[in-house]
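Before any comments, here is the structure.
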Amino acid sequence: MADDKIVLTGIKPTGTPHIGNYIGALKPLVEMSKNHKTFMFIADLHALNTMHDPKEIKQYTYEMAASLIAMGLNLDNAVLFRQSDINEIYQLSNFLMNVTPKGLMNRAHSYKAMVEKNTESGADVDAGVNMGLYTYPVLMAADILLYNSDIVPVGKDQKQHVEFARDIAGYFNNIYGETFKLPEPVIGEESGTIPGLDGRKMSKSYDNTIPLFAPSNELKKKIMRIITDSKTPEESKNPDESTIFQMYKHFANEKEIAEFRKMFLDGGMGYGTAKTILFEKIDSVLTPERTEYERLMANKNEIDAILNTGAERARIVAAKTISKVKKKMLG
Ligand code: ADP
Ligand code: TRP
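Numbering (this note's numbering), first residue to last: 1 to 331.
See the structure below:
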């Protein structure tokens, strides 16, 4: 990634961060902030189409921000802010509505999935679809275009949204002349899907998560609940099919990983012992970050101060874009 490129990404505050989020999303972002200027925001406005409890949104916003800060996000390079602190975002979103074909929204994966589900069950095609869901891609295009982003690192499931932002930028430029850069999605290196307690993808929707900064005793309890097959301690076990090993890989160094793999293959290690080894590893890696996370969560004014500073920095760019767009559209 070239250093002069503007990188932007958003994270939705829809739940307590878990170990899957840590490996798949938060760690790569913290890593990236070491060498790249990045706009990074908590996408609380994007949560509104599914979450209607302000207390929850606020709590998860703090948890997400505190996690990133505790993990050592470089706050000089990363402009960390709350999406809803930038009024210009809804302004741009509304402006963009006027150049966005309705048909583009009909093709959005998440909307299409709802329509298919409704069709199968014989309900009205748009049952349960609010305009927040339907226009979600326009709001996301506004996020991306407001800050002149070049590069948008996202998970695979968000690639279409970034492509839509490109399309919408193109429609605007065609009508009003060169205004927006065309952003590129960058799909993070496959860190693989982290399995949850029941072996399926770790996800809050399956209620099988290990909260990232759960206190040690809770972390231990959760790890001990990981479902395994019924092999005896003596039997050789396949590490590549084991949730325990799949998690361990992301916390240990190469030598430790090779040793643990051998212990699985050799036999002689029961799953209880394997879980204890996994717990001790994760706990030792996460303890310093957890301590800082707990300190921040007990001092939310510090998180607010960081988010407010980020919003001030973001607003400078946002205001410039809005005045340019207004001039182009309204003269
Ligand atoms: P959830 O599945 O719990 O609802 P989200 O869909 O909100 O999680 O995911 C937020 C980010 O965390 C995404 O970038 C996603 O790719 C990443 N992520 C979530 N679960 C996992 C997992 N089990 N393994 C790897 N990455 C994950
Ligand atoms: N829609 C993204 C998600 O569900 C979050 C998001 C909102 C985002 N705005 C963004 C990601 C802009 C990248 C760029 O994960």
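We put the beta carbon where it would ideally sit given N, CA and C, even for glycine.
As the structure is a computational prediction, the values presented were derived from the model and not from experiment.
Measuring from the CB of residue i, is there a heavy atom of ligand 2 at a distance below 7 Å?
i    : result
T135 : no
G10  : yes
I144 : yes
V154 : yes
Q59  : no
A43  : yes
H52  : no
Q158 : yes
H161 : yes
M40  : no
M140 : yes
H46  : yes
My guess is that residue i and residue j are in contact by the Cβ rule of under 8 Å, so how many angstroms apart are they, rounded?
i    : j    : result
K275 : I244 : 6 Å
I89  : L45  : 7 Å
I277 : Y62  : The pair is not a contact, with the Cβ atoms about 33 Å apart (cut-off 8 Å).
N94  : K34  : Between K34 and N94 the Cβ distance is about 36 Å, and since that is not below 8 Å, they are no contact.
V325 : L104 : Contact doesn't hold; Cβ gap of about 19 Å is too wide.
D283 : S216 : 5 Å
P288 : Q246 : Wrong, their Cβ atoms sit about 24 Å apart, outside the cutoff.
I'd like the span of the alpha helix (DSSP H) that includes residue i, first residue to last.
i    : result
T273 : 271–297
I257 : 254–266
S205 : Unbroken run through S205: none, as it is neither H nor E.
M247 : 243–248
I303 : 300–330
Q158 : Premise fails: Q158 is in no alpha helix (DSSP H) and is neither H nor E.
P211 : Here P211 belongs to no alpha helix (DSSP H), and DSSP marks it neither H nor E.
M64  : 54–70
L219 : 216–224
Hey, is residue i close to ligand 1, as in C-beta under 7 Å from one of its heavy atoms?
i    : result
I194 : yes
S205 : yes
G15  : yes
K201 : yes
H109 : no
H18  : yes
I23  : yes
Tell whether a beta-carbon distance below 8 Å holds between residue i and residue j.
i    : j    : result
P153 : T9   : yes
P183 : I144 : yes
L80  : T321 : no
V138 : T179 : no
L197 : I19  : no
L296 : A25  : no
N130 : D124 : no
A78  : M40  : yes
I223 : F279 : yes
A314 : I57  : no
Y136 : N49  : yes
S242 : G267 : no
K181 : T193 : no
L96  : F164 : no
F260 : Y248 : yes
I11  : I42  : yes
M392 : G128 : Past the edges of the chain, shown from 1 to 331, lies residue 392, and the structure says nothing about it.
L286 : A65  : no
A176 : M51  : Position check: residue 176 holds Tyr in this sequence, whereas Ala was assumed. In this structure, M51 does not lie closer than 8 Å to Y176 by Cβ.
T14  : A47  : yes
P233 : M263 : no
Q160 : A108 : yes
K281 : A311 : no
Over the uninterrupted beta strand (DSSP E) stretch that includes residue i, give me the two end residues.
i    : result
I187 : 184–187
**Study point:** Segments of 4+ residues assigned as alpha helix (DSSP H) that fall wholly inside the stretch 76–156
**Key:** 88–97, 102–106, 109–121, 131–134, 136–146
Practice item. Only counting runs of 4 or more residues, tell me where the alpha helix (DSSP H) segments fall wholly within the stretch 1–48, in order along the chain. Key: 27–32, 44–47
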